[in-house]
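Q:
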Amino acid sequence: MALLEVTGLGISFGGLRAVDDFNVIIKKGQLYGLIGPNGAGKTTIFNLLTGVYKPTDGHIILDGENITGKKTADICKAGVARTFQNIRLFSELSVLDNVKAGLHNEFKYSTFAGIFRLPSYFKNEKSMNEKAHELLKVFELDEEADVLASNLPYGKQRKLEIARALATDPKLLLLDEPAAGMNPNETAELMDTIKFVRDTFDMTILLIEHDMRLVSGICERLTVLNFGQILAQGDTAKVLNDPKVITAYLGE
Amino acid sequence: MKKIFTKDNSTYIIVILAYILVEVLINTGHLSSLMKGLLVPLCVYVILAVSLNLTVGILGELSLGHAGFMCVGAFSGAIFTQIIGDSMNGGLRFFIAIIIGAVVAAIFGIIIGIPVLRLKGDYLAIVTLAFGEIIKNIINILYLGVDDNGFHLSTQNAAALGLDPDSGRIIIKGAQGISGTPTNSNFTIGVILVLITLFVTLNLIHSRTGRAIMSIRDNRIAAESIGINITKYKLLAFTISAAFAGIAGVLYAHNLSSLTALPKNFGYNMSIMILVFVVLGGMGNIRGSVIAAVVLTLLPELLRGLNEYRMLIYSIVLIAVMIISWSPTAKAFRERYFGFLFKKKKGVS
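Structure representation (structure tokens):
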């Protein structure tokens, strides 16, 4: 069953056609890769999927619900969470509070209850803390729960961003270059984490990545993008051996 | 594992201890009349500094129109007191005036916040500055009177109100403002209002709403991506901030018998002064705002004996505090010699 169905997606910035006729079908539980040279429009597609940009054409259907052109916050509520290419954490909040901010829409109580410390405040804060610690444990961050997010080492910041995205209880997780700036050991560890997240949370993941070892190691299907258009699409092994892909992106 | 001596609780304790100290000084006759006159303005400034910190430090938007909201609160509260007059018990009337001041300032906060909060950074600062001045200047040309037929409003002069000569009474007399407001404010009420402001602000910050507001400050795009409604929380923080400025205004208006909208009390200078309290106390640091407001209000008075060197020392203190609180060398120095005073924070491995 298709979780995400994108048809004819396109966007123009003035005269520039950044993404043109992008189609993809991602099945539930799939690990899907989006690769291509710099400036091919990969991050633009993420921004279209999460409502940062409004698409000029096309439709995005998530789990049967049309989310085309909705606001970012509403798309998040519909079940799409993401991480960013350049890490965007809440730097002045603690690690725990970063994750609790992600739980914003799951455990609700009113501002009034928050100010006057009504029972709903204590009840929800308690469940929030439990859930947040659970998530932090998965990413081995529970030791650093009280540390400011900006004081975390780089690799852990990447992990925290994934934890925060998962806190919103998404159906689809978008990872924008999760291995950027990581050494081979960290990348190998990250591959395990991504697989683990997919298996434990029963998550569907779409990721952008330049590290071919990671892509060939964990992605089941791939789409290769070049100049805003689909160059190749299909099973990972087949796509990576496609002569067109080798010429345009991978190199001989 | 509840800690009693948290940073929040220490803020309340500092305020209460200061109150007890001042009361003891008053009762033993050790406080000059000049200082006694400063007590209510001190509370006003503390409330203003704490409430502005909510916009500047917690929401992260620079607002230079805070005195405008104080002005709205002051006048709406004073108008209510004038209209009711002696037909109501003074304490109850003052209580209602405070609520009216807060509500009217909050409404202005929403009205101004909706267009203004679309802007960012310097643009937002300039537009809030303009709104603050507009509010002050409109009140300066306003004439309001009441008689048996109801309210009369004019922007020309008192005669244009066309009041009934027998029952007519002028409430706002243009640039002369409102006079004859009963002085209901006193230090005890001021401190209670300070504590209420602290209670609401601190609890707000440490709740789901506060986290949402601070996440917008730290990264707007990421906040949106985790499903936080940016517009709603920005407006909420701005409105609560305006409401407390309104409360400070009512307290101010009922401290003096005559209330005029001068550049000195509701103008641009006032907004900047509150901002200085906030910046000096540390953005986002509520306890710092309280201390900075008190110290910087008392300092010019305590240095009065030094005559012309007064402002010189004032500015040197400002610079010294900025260096001591922010410079990395000074921070390292503090940690080395006074580190035992602070609880050890868990470091990064």
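Chains as they are written, first to last, in my numbering: chain A, 1 to 252; chain B, 1001 to 1349. Note that beta-carbon positions come from the ideal geometry of N, C-alpha and C, so glycine has one too.
#1: Establish whether the CB of Arg88/A and some CB of chain B are separated by less than 7 Å.
#2: In this structure, how does DSSP classify Arg17/A when only helix, strand and coil are distinguished?
#3: Within 7 Å (strictly less), CB to CB, does Asn1203/B reach chain A?
#4: Within the continuous beta strand (DSSP E) that includes Gln253/A, where are the two ends?
#5: Can you name, in chain order, every residue of its own chain whose Cβ lies under 7 Å from the Cβ of Asp211/A, other than the five neighbours on each side?
#6: Indicate the three-state DSSP secondary structure (helix, strand or coil) for Asn1009/B in the structure shown.
#7: I'd like the list of long-range same chain contacts for Met128/A, defined as Cβ closer than 7 Å, with 5 residues on each side in sequence excluded.
#8: Going by the beta-carbon positions, is the gap between Ile1141/B and Thr1155/B smaller than 7 Å?
#9: Apply the 10 Å Cβ neighbour rule to Gly69/A and answer buried if 16 or more other Cβ atoms are within range, or exposed otherwise.
#10: Find the residues of chain A that neighbour Asn1219/B, judging by a C-beta separation of less than 8 Å, and give them in chain order.
#11: I want to see whether chain B comes within less than 7 Å of Ile115/A, judged by CB atoms only; does it?
#12: Going along chain B in order, which residues have a C-beta closer than 7 Å to the C-beta of Asn105/A?
#13: Could you tell me whether the region 208-226 of chain A touches the region 239-251 of chain A, where touching means 3 or more Cβ pairs closer than 8 Å?
#14: Quickly, what does DSSP pair Val1146/B with across the bridge? List them, please.
#15: Give me the subset of the region 1115-1132 of chain B whose CB atoms are less than 8 Å from a CB atom of chain A, sorted by chain position.
#16: Tell me Ala2/A's beta-bridge partners as DSSP assigns them.
#17: For Tyr53/A, tell me which candidate among Lys126/A, Pro170/A, Ile26/A and Gly10/A has the shortest Cα-Cα distance.
#18: Under 7 Å, do Leu1064/B and Ala1105/B count as touching if we go by C-beta distance?
#19: For Cys264/A, which residues in the same chain have their Cβ closer than 6 Å to its Cβ, ignoring the five residues on either side in sequence?
#20: Do we get a CB-CB distance below 7 Å when we pair Glu1301/B with the residues of chain A?
#21: Does Thr1183/B come out as helix, strand or coil in the three-state DSSP assignment?
#22: Please classify Ile1319/B: is it buried, with 16 or more other beta-carbons within 10 angstroms of its beta-carbon, or exposed?
#23: With a threshold of 8 Å, are at least 3 pairs of Cβ atoms found where one atom belongs to the region 81-100 of chain A and the other to the region 148-167 of chain A?
#24: Which of helix, strand or coil does DSSP assign to Lys1346/B?
#25: Spell out whether any CB of chain A is found under 7 Å from the CB atom of Val1276/B.
#26: With C-beta atoms as the reference, is Leu214/A less than 7 Å away from Met191/A?
#27: Going by other Cβ atoms of all chains shown within 10 Å of its Cβ, with 16 needed for buried, is Thr168/A buried or exposed?
#28: Arg82/A CB to nearest chain B CB: under 7 Å?
#29: Got a sec: which bits of the region 1279-1313 of chain B sit with their beta carbon under 8 Å from any beta carbon on chain A, in order along the chain?
#30: Which residues share a DSSP beta bridge with Leu1259/B?
#31: What residues in the region 66-77 of chain A bring their beta carbon closer than 9 Å to a beta carbon of chain B?
#32: Quick check on Arg253/A: buried or exposed, where buried means 16 or more other Cβ atoms within 10 Å of its Cβ?
#33: Is Ala1261/B closer than 7 Å to Cys1071/B when the C-beta atoms are compared?
#34: Would you mind giving the Cβ-Cβ distance between Gly1267/B and Glu1133/B, rounded to the nearest angstrom? I have them listed as a contact below 8 Å.
#35: Step through the CB atoms of chain A and report whether any lies within less than 7 Å of the CB of Ala1245/B.
#36: Under 6 Å Cβ to Cβ from Asp20/A, same chain only, skipping five residues before and after it: list those, please.
A: Put simply:
#1: What you label residue 88/A is simply residue 88 of the first sequence in a count that begins at 1. Answer yes: the Cβ-Cβ gap between Arg88/A and chain B drops below 7 Å somewhere.
#2: Mapped onto the first sequence, residue 17/A falls at position 17. Note: Arg17/A maps to strand in three-state DSSP.
#3: As a first step, residue 1203/B is located in the second sequence; it is residue number 203 there, counting from the start. Yes, Asn1203/B lies at the interface with chain A (some Cβ there is under 7 Å from its Cβ).
#4: Because chain A is modelled from 1 through 252, residue 253/A falls outside the range shown and cannot be assessed.
#5: The residue you call residue 211/A lines up with position 211 of the first sequence. The residues are Ala179 and Thr187.
#6: Sequence index remark: in the second sequence, residue 1009/B carries index 9 (1-based). Of the three classes helix, strand and coil, the one that applies to Asn1009/B here is helix, per DSSP.
#7: The residue labelled residue 128/A in the question sits at position 128 within the first sequence. Counting only Cβ-Cβ distances below 7 Å, and skipping sequence neighbours, we find Lys100, Leu103 and Phe107.
#8: Here residue 1141/B corresponds to residue number 141 of the second sequence, with the count starting at 1. Here residue 1155/B corresponds to residue number 155 of the second sequence, with the count starting at 1. Yes, these two residues count as a Cβ contact at 7 Å.
#9: By one-based count along the first sequence, residue 69/A stands at place 69. Under this definition Gly69/A is an exposed residue.
#10: Taking the first residue of the second sequence as 1, we reach residue 1219/B at position 219. Simply Arg88, Leu89, Phe90 and Ser91.
#11: Within the first sequence, numbered from 1, the residue matching residue 115/A stands at position 115. It does: the Cβ of Ile115/A has a partner Cβ on chain B nearer than 7 Å.
#12: The residue labelled residue 105/A in the question sits at position 105 within the first sequence. Within chain B, the residues near Asn105/A are Gly1227.
#13: yes
#14: On the second sequence, position 146 is the one that residue 1146/B refers to. Val1146/B is bridged to Phe1151/B and Arg1169/B.
#15: none
#16: For this step, residue 2/A is matched to residue 2 along the first sequence. Note: Ala2/A sits in a beta bridge opposite Lys27/A.
#17: Working through the first sequence from its first residue, we reach residue 53/A at position 53. The option with the nearest alpha carbon to Tyr53/A is Gly10/A.
#18: One-based indexing of the second sequence puts residue 1064/B at position 64. One-based indexing of the second sequence puts residue 1105/B at position 105. For Leu1064/B and Ala1105/B, no; Cβs fall outside 7 Å.
#19: No information on residue 264/A is available, as it lies outside the stretch 1 to 252 that chain A covers here.
#20: The residue you call residue 1301/B lines up with position 301 of the second sequence. No, Glu1301/B lies away from the interface with chain A (no Cβ there is under 7 Å from its Cβ).
#21: Within the second sequence, residue 1183/B is the residue found at index 183, counting from 1. Reduced to three states, the DSSP call for Thr1183/B is coil.
#22: The residue labelled residue 1319/B in the question sits at position 319 within the second sequence. Ile1319/B should be labelled exposed.
#23: yes
#24: As a position in the second sequence, residue 1346/B is number 346, starting the count at 1. With a pLDDT of 41 at Lys1346/B, under the threshold of 50, the modelled position of that residue is not reliable, and no figure is offered here.
#25: Looking up residue 1276/B in the second sequence gives position 276. Judged by the 7 Å Cβ criterion, Val1276/B is not in contact with chain A.
#26: Residue 214/A sits at position 214 when you count from the first residue of the first sequence. Residue 191/A sits at position 191 when you count from the first residue of the first sequence. Cβ distance < 7 Å, so Leu214/A and Met191/A count as in contact.
#27: To locate residue 168/A, count along the first sequence from 1; it is residue 168. Classification for Thr168/A: buried.
#28: Counting from 1 along the first sequence, the entry for residue 82/A is found at position 82. Closer than 7 Å: yes.
#29: Gly1284
#30: Within the second sequence, the letter at position 259 stands for residue 1259/B. Per DSSP, Ile1178/B.
#31: Lys71, Thr72, Ala73, Asp74, Ile75, Cys76 and Lys77
#32: Residue 253/A is absent from the structure shown; chain A starts at 1 and stops at 252.
#33: Mapped onto the second sequence, residue 1071/B falls at position 71. Mapped onto the second sequence, residue 1261/B falls at position 261. Their beta carbons are under 7 Å apart, which means Cys1071/B touches Ala1261/B by this criterion.
#34: Locating residue 1267/B in the second sequence gives position 267, where the first residue counts as 1. Locating residue 1133/B in the second sequence gives position 133, where the first residue counts as 1. Contact flag correct, Cβ pair sits at about 7 Å.
#35: Stepping through the second sequence from its first residue, residue 1245/B is reached at position 245. Chain A contact via Cβ: absent.
#36: Numbered from its first residue, the first sequence carries residue 20/A at position 20. If we look at Asp20/A and ignore the five residues flanking it on each side, its Cβ neighbours are Gly10, Gly228 and Gln229.
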